[in-house]
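Here's the structure we're looking at; comments come further down.
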Amino acid sequence: MLAINLSVVIFLPLAAGLLAAFLPARAARWIVLAAAVGVLAYAILMIIDFDSGAGLQWRTDRAWIPELGVRYSLGVDGLNLFLVALTALLWVPATLAAAFGEWERPRLFFFQLALAETAVLGAFLAQDLALFVLFFDLMLVPFYFLIGAWGRGERVQATTKFVIYTLAGSLLMLAGAVALGVLATPEGGSISFSIAELERRSVPAGAQGWIFLAFALAFLIKMPAFPFHGWMPDAYRATPMPVLVLLSGVLSKVGAYGFLRVVAPTLPLGTARFQELLLVIAVISILYGSLLAFSQDDVRLVVGYSSVAQLGFITLGIFSLDPKGAQGAVLQMVNHGLVVAALFLILAVLAARAGGSESLARMGGLAQRAPILAGVFLVVALATLAMPGTPNFAGELLILFGAFQTHLVYGLVASAGVALAAVYMIRLYQRSMHNKRGDAVASAEIGGRDLAAIAPLALVIVALGVYPQLVLSRSEDATVTKVHEAGERAAAVQGARGAQPGQRVLPGQGAAPRQGARPGPGTQVPPQGAQPGQGAAPEQGVPVRPAVPRGGDRP
Amino acid sequence: MNPGAWGWVVLGFPLAGSLLIAFGWRVLPGRLAGWLATGAVLGAFGAAITMLAGLLGLGAEEREVTSTAFAYLSTAGLDAGLSILVDPLSVFMCLVVSGVSSLIHLYSVAYMTSDRGYDRYFSYLNFFVFSMLLLVLAGNLVLLIVGWAFVGAASYLLISFWYRRHTATEAGIKAFVINVIGDVALVIAAFLLFNATGALDWAGVFTGAQDAFVRDDGTLIAACLLLLVGAFAKSAQLPLHTWLPDAMEGPTPVSALIHAATMVTAGVYLIARAHPLFEQAPTAALVGAVIGTVTMLFAATVALAQTDLKRIIAYSTISQIGYMVLGVCSFAYAAGLFHLMTHAFFKALLFMAAGSVIAAMSDVKSIDRMGGFRHSMPFTHATFVIGALALAGFPLMSGFFSKDDVLAFTFDRGGIYAVLAVGGYIGAALTALYAFRMVFRVFWGDPVPEALALSRGEHPHVEPANPDTGEPEDNDVGFPGPEHHVAEQAWPMALAMGVLAALAVVGGAVGIPGVTATLEHFLEPTFADSRFVEEIPSDTARWIGLGIGGVVAIVGIGLAYRLYLSRYELTVELRERLPRVTTFLERKWYFDELFELAVVRPLARLGELGRTVIESELVQGVFVEGTSGIVRAGSSLARGVQSGYLRAYALFLLAGAGALGLYFLIASV
Amino acid sequence: MDVAWFVVLSAFIFCAGAAGVLLRRNPLVILLCLELMLNAGNLALVAFSRAHGNGDGQVFALVVLVVAACEVVIGLGLIVAMYRRRIPVDVDRVTELHG
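Chains as they are written, first to last, in my numbering: chain L, 1 to 555; chain V, 1001 to 1669; chain X, 2001 to 2099.
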């Protein structure tokens, strides 16, 4: 076991950013890039050295604000290991792409870029809820400046919308986090925001509902998921490309990660109660995102709406509350980050060859003199549409299996999204690379600089496609634990509902169509459903913590 | 090395070939890429033969070898390794696929010579062979789906190979999307099977299904029907067939490879592979058999009315796969696979010969424009006739034995299957009719100018133009370069066609009723668990079937001679008398229009609706405006206080201080 | 002498200063009135200091004097700057910081 200090990992970019701010502009970008490479090296070391069975590793745990029970607590387990690695990986090509560009006030730009990496790494590594909230909101600051100051077009309006919208969610989450910490404090006990401690404590059933909704709203906005994606089109259009890579590739994952890290384990009752609402949102996101993705002309928005659909899949996997679905969600978070980053970098290359236009109608025939570009784009496009053999397939397969297992109908509807993904991605590929050449198109091979940023991503995609087990075997223990209790609760609810049709087990459940989820004839009712007596349990909020099972019967 | 290890070698050859060409295209000199690719597939064929020898060296009970490289998806209860299954069925498929593919590669070396995308073409082609071999060797459902999708992607790439033609890219996207629908169906089927049996590998699923399902279990039927959807998407059966005729936009050798010999038979392979499930769910098998028969008749009628040479052969393929589906869904596995093999021979041959003619016609594909190539292209003519005879089931040709084997077995199952078998004989007559319609219209009759030019020894040479718009193409797009190669002038083409012609003639020898049963015996270990393994029709019955089949074929050919050659005016009159039927067939039973109306347009409309209404009204209107409205209302409250008047601020300050002082005064009392 | 008289005087001066700050529009006068208020405070501090018999209050008063001096410097500087930039020397017309 190597002695890795996670604080160093988190604050290395920030230190480099500060240093860069006081050095000549020419040096600033390379210092920030070097820090990103350093973090990547750490991440690779972590993957190699990770002990799958050992739980939280490389922990840092210091008192920070003892009066409020807030601790500076960091750690890596199977759940965030690959998200940290994804962050570290994506920052390198994004910084590289930015380093080759020309920016006004470059020192400030690269400082913001470094600050953003620190914030995202912090959010992924925090093991204390207050610390998580802090980093979650800190992410907004650098992106506010990066989009607002260096964006294109209607950047001010886009930034305002982005910030107000996500900040509204963040405030709700802050309220939820405080409520969670306070309500979970047992009589006579001291308040704690440690996520591990919150998992052991329990919040009254009634409060779990609204705290869950507060968190869910913040995370869904961040992702974004239908119908909370209103900030996405404008922000995506305005964001400079290297920043967009990070915005879409990494930031969107923090929301999904929050569901698994914070919400499902600490609020199992709330999660079980609103499971179907979230499943409905996930399924609608999948279908709606796909539909819009193939009616867009702006290439950024094609990818943007496809992200809405892909994040719908991730949400579906998480809220199937099944070990398979959750594992698929973790894998898919990594995959989506990889493909979307590669896609945006490629789109920048395409736009440069289409006379600067990012309109699909003005592209076409780009493949003619650019076989390498066409090949790399093809690999990435096929991965995005989750063609079997790509890592995204492994992820979506697990997600769908999880969804089928607990909610067959939602799973079936969602699987239509897989076919729709083929339509919009092939359309994007074809309209840009194939067909007749557009008017302003000058087909040229991809340059060495662009290739240096994109090719590593494509290689990682291919490698993960051959061996997705790399992620799955390391993440299994942590992920399965996270959804275990919520899954039990949900199954109990379903079982009770199945046993006594028509009787509402849980009062006041939102818009979720409860009928749709009842397993139809021919479906295997989960075994927990066989005990109708369990149906009453969620109402009481009795903290039942069964022994955590290992997910599979691996050798 | 054991057969399992050779299985990896079989996979390794084409993959290595594909990667080598993909990465080395810049340094590969001349036409080396083509030869490399051909060599790679030949290597795979050799390895498959070694695999066969290794398998034959084992006892009949042990001829099922699995080999796992590493865990692929093994988490949360799932367990799918990167593993291959070598048994008689997969070895048989490997042999057919790699054998026919190597000939098609050989043909392509000459046919595609002057195409600028030569290296790209062979890289794709090798990748396709790799995918197909992966599909047939896959040891579990997950890997099967991977191979299944790779094949779909390879076919997409090859169909839209001439990617600057709008028609080619449209055809590609159609094929891809329909294939993805099949993939999705397979994923769902895999889940249903996994959920019941807890396994994803073939053996585990089959034994698990024995315990988990009763006969004709609802879930099992659903799973089998989903497997059928997957199979039909790939094998172009109703109603998922529309992509195959459009896929003729690809280069002709691709049509021969993918759309006739190998890829489209994947569905037949899948049904044969999953036979224990279908036997346990006979209802699903019956559905498959009925759809197979209907497809066979439907496609045969459409083939009669089409004028595009390649499309006729494409519909013929759809029709012939209907026979195979009928066979394997009637539990006559060996017969169905027998037909799969012979069909691969003669259909690839027909496509190659058609490619030769189309090259001579400089990319004109309409048979109305062709005629009289008999003398200028004797070799092509001879091979085409052999292919057509085998297709029509002319006595003693390969198709004669295999097709009638399928029908004899089907008839023997009795009940509704007998009705389907009768449908099969009607289909056979139609087959003979359209097969020889091509022969007579293309090769016989008066020579067209192109045929005359060819007999004067002139090379077909034309600057490429888009056949749909007539516009000249500004580069390599549309047809393989300006130099067109015909079998008479290019020996690799002739060699490939010659070998296939020989196979199309003698291929039936492995299954002559009462004489040989080589194929049946070889495949027996795979199907030993079948309940129908002993239920085979008597040799007499099979010979009676053969007799009927032969007569039907000869009558069909005779009718074709009368309708399309000696009394062509009859056909013209028939068309005029029955305009509705003609249009109905020419529009291919309006399936494309139906899809357009039922699927494509509603989806486009929905997308448009989302973009215009939901986005602006709900997402932007309610949610974004709502949030920013709340924020704005709150901020305007705070803003009202900030008047900018210094004296107002001072007043607040004093009032605040006063209030504070007052509070302490009161509190102290 | 009773400390109350000093406190009463201090309160009068403070109120006069406060009234000036609130009612006058010329920044110069406002500054003067602010001085009045500060010195009212000082008077109270010194008075209490004497009444309690220790020097703490006088120390505070000295600190206030220093702060007042600083404040005057900045305030007068602002007024001169406004005058130079031809900004009206009238606090009711300098309202650009309104929300």
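Virtual Cβ for every residue (Gly too), placed ideally from N, Cα, C.
| Check | Outcome |
| --- | --- |
| Thinking C-beta only, is L:Arg300 closer than 9 angstroms to L:Phe228? | no |
| Pull up the DSSP beta-bridge partners for L:Tyr72, would you. | L:Arg62 |
| Within the 9 angstroms Cβ cut-off, does L:Ile44 reach chain V? | no |
| Out of L:Leu251, L:Ala352, L:Val376, L:Ala175, which has the shortest C-alpha to C-alpha gap to L:Pro456? | L:Val376 |
| Identify which residue in V:Val1180, V:Ser1018, V:Met1132 has its Cα closest to the Cα of L:Gly417. | V:Val1180 |
| Do you know how far the Cα of L:Ala175 is from the Cα of L:Val203? | 15 angstroms |
| Counting pairs of beta carbons, one from the segment 254-264 of chain L and one from the segment 388-400 of chain L, are three or more of them closer than 8 angstroms? | no |
| Who pairs with V:Ser1083 in a beta bridge, going by DSSP? | V:Thr1068 |
| Would you mind sorting V:Pro1003 into buried or exposed? The rule is 16 or more other CB atoms within 10 Å of its CB. | buried |
| DSSP puts L:Val128 in a beta bridge; with which residues? | Strictly speaking, residue 128 of chain L in this sequence is Asp, with Val absent from that position. Paired residues: L:Ser194. |
| Going by alpha carbons, who is nearest to L:Leu89 out of L:Ile4, L:Ala403, L:Gly395, L:Ala458? | L:Ala458 |
| Assuming L:Ser320 contacts L:Ala403 under a Cβ cut-off of 8 angstroms, what Cβ separation, rounded to an integer in Å, is found between them? | 4 angstroms |
| So within the segment 431-487 of chain L, which uninterrupted alpha helix (DSSP H) runs reach at least 4 residues, ignoring any that extend past its ends? | 448-466 |
| Taking 9 angstroms as the cut-off, decide whether the C-beta atoms of V:Gly1607 and V:Ala1428 are in contact. | no |
| Where do the ends of the alpha helix (DSSP H) carrying X:Val2003 lie? | 2003-2023 |
| Would you call the segment 1334-1350 of chain V in contact with the segment 1256-1265 of chain V, where contact means no fewer than 3 C-beta pairs closer than 8 angstroms? | yes |
| So, is V:Gln1642 buried or exposed, given that buried needs 16 or more other C-beta atoms within 10 angstroms? | exposed |
| On the premise that L:Gln327 lies in contact with L:Arg437, defined as a C-beta separation below 8 angstroms, what is that separation, rounded to the nearest angstrom? | Not quite, the Cβ-Cβ distance comes to about 44 angstroms (not below 8 angstroms), so this is no contact. |
| Should V:Asn1140 go down as buried or exposed, given a rule of 16 or more other Cβ atoms within 10 Å for buried? | buried |
| CB-CB under 8 angstroms to V:Phe1664, same chain, minus the five flanking residues each way: which ones, in chain order? | none |
| Against chain V, with Cβ distances strictly below 9 angstroms, would L:Gly402 count as a contact? | yes |
| State the DSSP-derived secondary structure class of X:Ala2069, mapped to helix, strand or coil. | helix |
| Measuring only the C-alpha atoms, how far is V:Asp1246 from V:Ser1235? | 14 angstroms |
| In three-state DSSP terms, what is V:Ala1138? | strand |
| Does any CB atom of chain X fall closer than 9 angstroms to the CB of V:Gly1644? | yes |
| Please report how far the alpha carbon of L:Leu316 lies from the alpha carbon of L:Ala329, in whole angstroms. | 8 angstroms |
| Less than 8 angstroms between the CB atoms is what I'm expecting for V:Val1385 and V:Val1439, so what's the real figure, rounded? | 6 angstroms |
| When you compare each of L:Met1, L:Ala490, L:His407 to L:Val580 by their alpha carbons, which one comes out closest? | Examination of residue 580 of chain L is not possible in this model, given that chain L is present from 1 through 555 alone. |
| How far does the alpha helix (DSSP H) with L:Asn5 in it extend, from its first residue to its last? | No alpha helix (DSSP H) holds L:Asn5; DSSP gives it neither H nor E. |
| Going straight from the alpha carbon of V:Thr1526 to that of V:Pro1282, what length do you get? | 19 angstroms |
| When you compare the segment 102-110 of chain L with the segment 126-134 of chain L, are there three or more beta-carbon pairs, one atom per stretch, that lie closer than 8 angstroms? | no |
| Give the range of the alpha helix (DSSP H) segment to which L:Phe162 is assigned. | 155-184 |
| L:Val413 CB to nearest chain V CB: under 9 angstroms? | no |
| Looking at chain L, which residues of the segment 1255-1281 of chain V have a Cβ within less than 7 angstroms of any of its Cβ atoms? | none |
| Using CA coordinates, which residue listed in V:Gly1030, V:Ile1173, V:Ala1190 is at the minimum distance from L:Gln405? | V:Ala1190 |
| Can you find a CB in chain X that lies within less than 9 angstroms of the CB of V:Ala1650? | yes |
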